[in-house]
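Residue numbers (my numbering): 201 to 745.
Spelled out as structure tokens, the structure:
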């Protein structure tokens, strides 16, 4: 037995969730650490004089250990028989169907996009024997789902003439590895690994079972190297490679599209729901459909006193919701000039709830009662495994909204600026890089660099969808800011991984080279400086805000 990554003595720097999601950014899924530990244990066992490896080895594990067992069996032919326990259900049922937050190592980037399901992993063990084990009262991997997967694997083995190499055992327990399960697997090993199917198994009375004390079991592994430190080193290596590569703008745009899953954009449409007067303007409500199944509500504030001519437009994204910076005469209300009674046309101000924000926030499932469960985590993990990350879906919403604004008769199609707050600014930045006709970018309280998330130990204060799968293999946020040149850009109060203001030294190291190109302005403030934002917009949109 060995401590899996994140368990027992391997806890520091190996948290399944907080350290595991960091691995998305570098494209090195955290499952590799679980698998390599298992495979290296086999290497060690086969060096021992008291181990007969001539017939291979057996492997078993429960829950995440069962997933590791399945994957190691696929990769290593030395595993002659296996028993994954309390970890088997079709992905469409769990976690996609029941909305349980599984660990990120089970949803590696591209896994679901490749169509890999649990039945495929178990079937890939053929022709080696597999015992599939479950608990009748398992609260997570339900019996009906387990039986469905067992039937699928059994049919596969049967068609290949090896139906006897698939066994099924369901104990009257919950999500655990019981003594009865262990005894059944010992019998399975006797049959297939020892070729002694009739070998007796001594019963194990419950009263004799006890755990050894931790001091006796401790192996004292070095804590210096772990999932976090290895991934941090990889992030720094990728940064060096990016500096040496420096792709042309067109190549960078193609890489961004690929990372965000935007290689093929569907035709979008917009539905105008009506408007209502608000002082010298009207507030319009619009539904943007960037995909047939997804709708993003948007507000458009338009002055009416200045006539019907074309005017510049600001499209804004705020992770807190589309109305956040309108309310109480906030930045968007000021830019929209709702109290100005002059005859100037002003600026059309639009703010959109990209998918998962504002009105489109998903309902929380009951599993969110558990401390490790979060619908935000689940969506980030699932979409990353599908190579259709949430951030890419939001960029798609923005591009569809821009297309709508350009088609309006009262908007100057070549004078649209994108802005955003928090993670909304990160989304807006990606969209601005992909659309060369966007004339400027304004980001407030924006994460300064994705590498900050990969290279700093948790806790972090950014949501899981900020960990864009494979992004650091191609670009970081300063690279995107540089790609905007010569278009103007401004950052107000750029933040670190804890949403704290960066020190002058850190700011210079991360954004200094980009700011030196003169198209990027950086403003630091303890609170968002509305006057600074408003003045920048006035300068670059040609309208007094």
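Just so you know, even glycine gets a beta-carbon here, dropped at the ideal spot from N, CA and C.
Secondary structure of residue i, DSSP reduced to three states
i: residue 616; result: strand
i: residue 477; result: strand
i: residue 491; result: strand
i: residue 231; result: helix
i: residue 622; result: coil
i: residue 739; result: helix
i: residue 526; result: coil
i: residue 748; result: Residue 748 lies beyond the range of the chain shown here (201 to 745); nothing can be said about it.
i: residue 670; result: coil
i: residue 207; result: coil
i: residue 302; result: coil
i: residue 379; result: helix
i: residue 532; result: helix
i: residue 542; result: coil
i: residue 700; result: coil
i: residue 555; result: coil
i: residue 611; result: strand
i: residue 438; result: helix
i: residue 602; result: helix
i: residue 313; result: coil
i: residue 349; result: helix
i: residue 270; result: helix
i: residue 587; result: coil
i: residue 577; result: helix
Beta-carbon contacts of residue i that lie in its chain and below 8 Å, excluding the five residues immediately before and after
i: residue 496; result: 487, 488, 489, 490, 552, 553, 554, 555, 560, 597, 600 and 601
i: residue 157; result: This structure cannot settle anything about residue 157, because the visible part of the chain is limited to 201 through 745.
i: residue 532; result: 501, 514, 516, 525, 526, 549 and 551
i: residue 508; result: 609 and 610
i: residue 278; result: 242, 246, 253, 256 and 257
i: residue 349; result: 288, 289, 290, 318, 319, 322 and 332
i: residue 707; result: 648, 694, 722 and 724
Rounded Cβ spacing between residue i and residue j (contact assumed at less than 8 Å)
i: residue 388; j: residue 331; result: 5 Å
i: residue 222; j: residue 654; result: 5 Å
i: residue 288; j: residue 341; result: 6 Å
i: residue 686; j: residue 719; result: 6 Å
i: residue 522; j: residue 498; result: 7 Å
i: residue 665; j: residue 576; result: 7 Å
i: residue 630; j: residue 680; result: 7 Å
i: residue 224; j: residue 309; result: 6 Å
Environment of residue i [buried if 16+ CB atoms lie within 10 Å]
i: residue 244; result: exposed
i: residue 493; result: exposed
i: residue 249; result: exposed
i: residue 419; result: exposed
i: residue 251; result: exposed
i: residue 344; result: exposed
i: residue 327; result: exposed
i: residue 529; result: exposed
i: residue 678; result: buried
i: residue 564; result: exposed
i: residue 401; result: exposed
i: residue 733; result: buried
i: residue 452; result: buried
i: residue 466; result: exposed
i: residue 359; result: exposed
i: residue 662; result: buried
i: residue 449; result: exposed
Same chain only: Cβ atoms within 6 Å of residue i, ignoring 5 sequence neighbours per side
i: residue 621; result: 518, 644 and 645
i: residue 539; result: 479
i: residue 378; result: 371
i: residue 407; result: none
i: residue 323; result: 353 and 356
i: residue 721; result: 690
i: residue 329; result: 281, 365 and 392
Identity of the residues DSSP links to residue i by a beta bridge
i: residue 224; result: The partner list for residue 224 (beta bridge, DSSP) is empty, contrary to what the question assumes.
i: residue 519; result: Note: residue 519 sits in no beta bridge, so no partner.
i: residue 758; result: Because the chain in this structure spans residues 201 to 745, residue 758 falls outside the shown range and cannot be described.
i: residue 368; result: 332
i: residue 691; result: 643 and 722
i: residue 259; result: 282
i: residue 548; result: 513
i: residue 470; result: 488
Contact test: residue i Cβ vs the ligand PLP heavy atom, cutoff 8 Å
i: residue 601; result: Annotation note on the ligand PLP: not contained in the displayed structure, which lists no ligands.
Cut-off 7 Å between Cβ atoms - residues of its own chain near residue i, not counting five sequence neighbours on either side
i: residue 605; result: 513, 515, 550, 611 and 616
i: residue 235; result: 268, 271, 272 and 275
i: residue 410; result: none
i: residue 430; result: none
i: residue 265; result: 204
Proximity test, Cβ basis, 9 Å: residue i and chain C
i: residue 273; result: The structure shown contains no chain C, having only a single protein chain.
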